[in-house]
Each structure stands twice: as structure tokens, then as C-alpha cells.
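Numbering (my numbering), first residue to last: 38 to 165. For glycine and all other residues, C-beta sits at the position ideal for the given N, C-alpha and C.
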């Protein structure tokens, strides 16, 4: 048995999200990618496997429009090594999205931010 997060994008945003995450997260890479066959949602992504910090995340573009999207109740939690890394990721991932908790010292972390990116995916960025 294997359990992995699954991110379902709408409106063909999966590729843009993959590109952003790979550009921002050191060592991140797309391990697999498959597109829907011609006429069945092409060029949307049927299934992609993304590696983020050793965690694999499955992603796709939904060919069906849903009345729901991502919620901050589920987030990707990132432990960073430096304050600068927290600041960089919070700024880049929050651009075009929203800030749920601005970068700060919240007692449980000396530097922490919680943002929702422009695709609606929630990220908790932490300096342990």
C-alpha cells in the first residue's frame, strides 16, 4: 500500500503549477507525465508525478469542471533551512495567491508563513 497526496487542477493549470514548483523547490522534479489522448482533454495532463523534498505528489488536470477547488485545510508543509529560504518561498508561492499567515515568529516556529498559491494550493513554510 502506498499513500500519496493528489492535486487536481482545473482549467488546464497543472503544467503551470508543475513548472512553478520545480523552479522554486530545490531538487524538485517531474518524474512522470502523461497527457490525455487527443480529443479527451488534450493537451491537459492526465497524470503527473512530482517529487517535492522526497515526497511524491500526483497531479492532474480535471477534464470535468467541479464546483470545488483546493482548501487550505490540506497543505504542503515545507521545512526550510534558512530564514532567507522561508522568505523566498513565501513571497514566490504567495504571488498571485493569498497570505493566510504572513512571515513571522508564531512561537511554534521562529519563522513561519502560510500561503495559498495562485492555483489555490496551500503551503505552510517553516523554519524549525
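- Residue 73 and residue 47 have their C-alpha atoms spaced approximately 14 Å apart.
- Between the beta-carbon of residue 96 and that of residue 87 there is about 6 Å, and that keeps the pair under the 8 Å contact cut.
- Going by DSSP, residue 120 is part of no beta strand (DSSP E) but of the alpha helix (DSSP H) stretching over 120-131.
- Beta-bridge analysis with DSSP links residue 71 to 84.
- When the alpha-carbon of residue 62 is set against those of 118, 98 and 100, the nearest one is in 118.
- In the three-state reduction of the DSSP assignment, residue 161 falls in the strand class.
- For residue 60, the three-state secondary structure derived from DSSP is helix.
- Relative to residue 158, the option among 165, 127 and 140 whose CA is nearest is 127.
- DSSP, reduced to helix, strand and coil, places residue 117 outside both helices and strands of the structure shown, so it counts as coil.
- Counting along the chain, the unbroken beta strand (DSSP E) around residue 153 starts and ends at 148-153.
- Contact check for residue 41 against residue 93 passes: the beta carbons are separated by less than 8 Å.
- Using a Cβ distance threshold of 8 Å, residue 50 and residue 59 do not count as a contacting pair.
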